[in-house]
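> Using this note's numbering, you'd call the opening residue of the sequence shown number 114 and step up by one each time.
Just so it is clear, CB atoms sit at the ideal spot from N, CA and C, and this is done for glycine as well.
Here the structure is a predicted model, which is why all the values come from computation and not from measurement.
Let me begin by handing over the structure; questions about it come next.
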Amino acid sequence: MGASVSSNMGIQVELGRKRYLLDPKGQTRADFAFVSHAHLDHMHRPSSTERIIASKETADLARARGYDLGDTLEEAEGVELLDSGHILGSRAIRIEDEVYYTGDASGRERAFLGRCRTRRSRVLIMETTYGSPEYVFPQTAKLVREVNALIGSAFDRGRPVVLMGYPLGKAQLLAYYFSSWEPLYFHDSVARMNAVHVEHGVDLKLGTRFDPAKDKDSLPEGPWVMVAPMSSSRSRLMSHLKKKHGAIFVAFSGWAMRGGYGSYLGADYAFPLSDHCDYAELMKLVEAVSPEVVYTTHGFASEFARDLRKVGFYARTLEAHQASLSDFLRES
Ligand SMILES: [Zn+2]
């Protein structure tokens, strides 16, 4: 009996006599719930009946964000966790040599993060956030060079720079890549996530913690760098930093491949530093897993499934319908 895969309260996989809930979106009966990483859209309040599978790092990051995952397992019979390269502690899961689920995944090494590891599996369930051919990201080293040049020229003109990214994941990459600039400030929400990284052995500079509620007027004149959460430069804090200090705002996201992303945020510059696979890396990932069936989820799910079908894979999106391997067998 093959795996049955469906999307209801997250992704459900039934295999053998067990039910696995992958990145649950609510409470439903399952033997195991897998939390792939600690981004808030993946957080979960465990029920009393299921066992939670998550990495130690994910459990610690979740706790620092106010979510207690309870007793978590990093190992269970028939289950293998693999680094998914997305953020600290992010994991992909392989169940019974049959199903491989990526969660959010990155296909390239960045700073202290490795790339998503794969195993050959019959069923692949994958995120396809950037599953469209216009999203092929430039080399990270090139991007880091460009940003350093940009910060250098801002410093020459005595202007501070605010580097903006998601407070967990992107912000620590920014902290890692651009920590040679001083003075260096970390917005409070970023500093809290940095601290968990340091506890887990990631070499991040401490910098100065910036609490906008208390420290808004204590920033020095002249140039500095701050790593802050992604927010509109029209927000109260950002417009204060712009008006009083002439700060330059730089946003980091894969969506920066799309023209107009920076100006949409009111940022001065935007760079496509992403925590996800680009289109080419998604294709490579599929080839490495070499599956019979692919289910796509998130972002360009239907477009990517269509492209996979063109090159001979059986692929369909997981959203908006119930799908199972048995209906694959009927259709094929
Ligand atoms: Zn994520």
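Going by alpha carbons, who is nearest to Asp-210 out of Leu-195, Val-340, Leu-201, Arg-223?
Here residue 210 is taken as the residue at index 97 of the sequence shown, counted from 1. Nearest of Leu-195, Val-340, Leu-201, Arg-223 to Asp-210, Cα basis: Leu-195.
> How would the residue list near ligand 1 read, in chain order, if you kept each one whose beta-carbon is closer than 5 Å to any heavy atom?
Matched residues: His-152, Asp-217.
> Quick check: Gly-282 and His-389, are their CB atoms within less than 8 Å of each other?
Here residue 282 refers to the residue found at position 169 of the sequence shown. Here residue 389 refers to the residue found at position 276 of the sequence shown. Going by C-beta atoms, Gly-282 is not nearer than 8 Å to His-389.
> Classify Leu-186 as buried or exposed, calling it buried when 16 or more other Cβ atoms lie within 10 Å of its own Cβ.
In the sequence shown, the residue the question calls residue 186 occupies position 73. That one is exposed.
> For Gly-278, which three-state DSSP category applies?
On the sequence shown, position 165 is the one that residue 278 refers to. Three-state DSSP puts Gly-278 in a strand.
> Measure the alpha-carbon distance for Asp-57 versus Pro-385 and round it to whole angstroms.
Outside the displayed span of the chain (114 to 445) sits residue 57, for which this structure offers no information.
> Do the CB positions of Ala-167 and Leu-182 come within less than 8 Å of each other?
Position 54 of the sequence shown, counting from 1, holds the residue named residue 167. Position 69 of the sequence shown, counting from 1, holds the residue named residue 182. Yes, they are a contact pair.
> Let me make sure I understand the geometry here. Which of Gln-140, Ala-304, Gly-367, Pro-333 has the alpha-carbon closest to that of Leu-319?
Counting from one through the sequence shown, the residue named residue 319 turns up at place 206. The residue with the shortest Cα to Cα distance from Leu-319 is Ala-304.
> Who are Phe-384's beta bridge partners in DSSP?
Locating residue 384 in the sequence shown gives position 271, where the first residue counts as 1. BP columns for Phe-384 point to Phe-365.
> What distance in whole Å lies between the Cβ atoms of Pro-333 and Pro-296, which are believed to be in contact at a cut-off of 8 Å?
Translated into the one-based positions of the sequence shown, residue 296 becomes position 183. Translated into the one-based positions of the sequence shown, residue 333 becomes position 220. Right, their Cβ atoms sit about 7 Å apart.
> Using the Cα positions of Val-275 and Ile-264, report the straight-line distance between them to the nearest angstrom.
Along the sequence shown, one-based indexing puts residue 275 at 162. Along the sequence shown, one-based indexing puts residue 264 at 151. Each residue's alpha carbon lies about 10 Å from the other.
> Going by CA-CA distance only, name the one from Thr-215, Arg-230, Arg-178 that's closest to Pro-280.
Residue numbering aside, residue 280 sits at position 167 when the sequence shown is read from its first letter. That would be Arg-178, whose Cα lies nearest to the Cα of Pro-280.
> Grouping DSSP H, G and I as helix and E and B as strand, with all else coil, what is Arg-164?
As a first step, residue 164 must be located in the sequence shown, where it is residue number 51. Residue state, collapsed to three classes: strand.
> Is it buried or exposed for Tyr-243, if we count other Cβ within 10 angstroms and need 16 for buried?
The residue labelled residue 243 in the question sits at position 130 within the sequence shown. Buried: at least 16 other Cβ atoms inside 10 Å.
> Who are the Cβ neighbours of Ala-116 in its own chain at under 6 Å, not counting the five residues just before and after it?
The residue labelled residue 116 in the question sits at position 3 within the sequence shown. Val-126, Leu-128, Glu-211, Val-212, Val-236, Leu-438.
> Kindly indicate which three-state DSSP category Pro-296 falls into: helix, strand or coil?
Taking the first residue of the sequence shown as position 1, residue 296 is located at position 183. It is coil, neither helix nor strand.
> Rounded C-beta distance between Ala-341 and Ala-364? I'm assuming under 8 Å.
For the purposes of this step, residue 341 is taken as residue 228 along the sequence shown, with counting starting at 1. For the purposes of this step, residue 364 is taken as residue 251 along the sequence shown, with counting starting at 1. At roughly 10 Å, the Cβ-Cβ gap does not stay under 8 Å, so Ala-341 and Ala-364 are not in contact.
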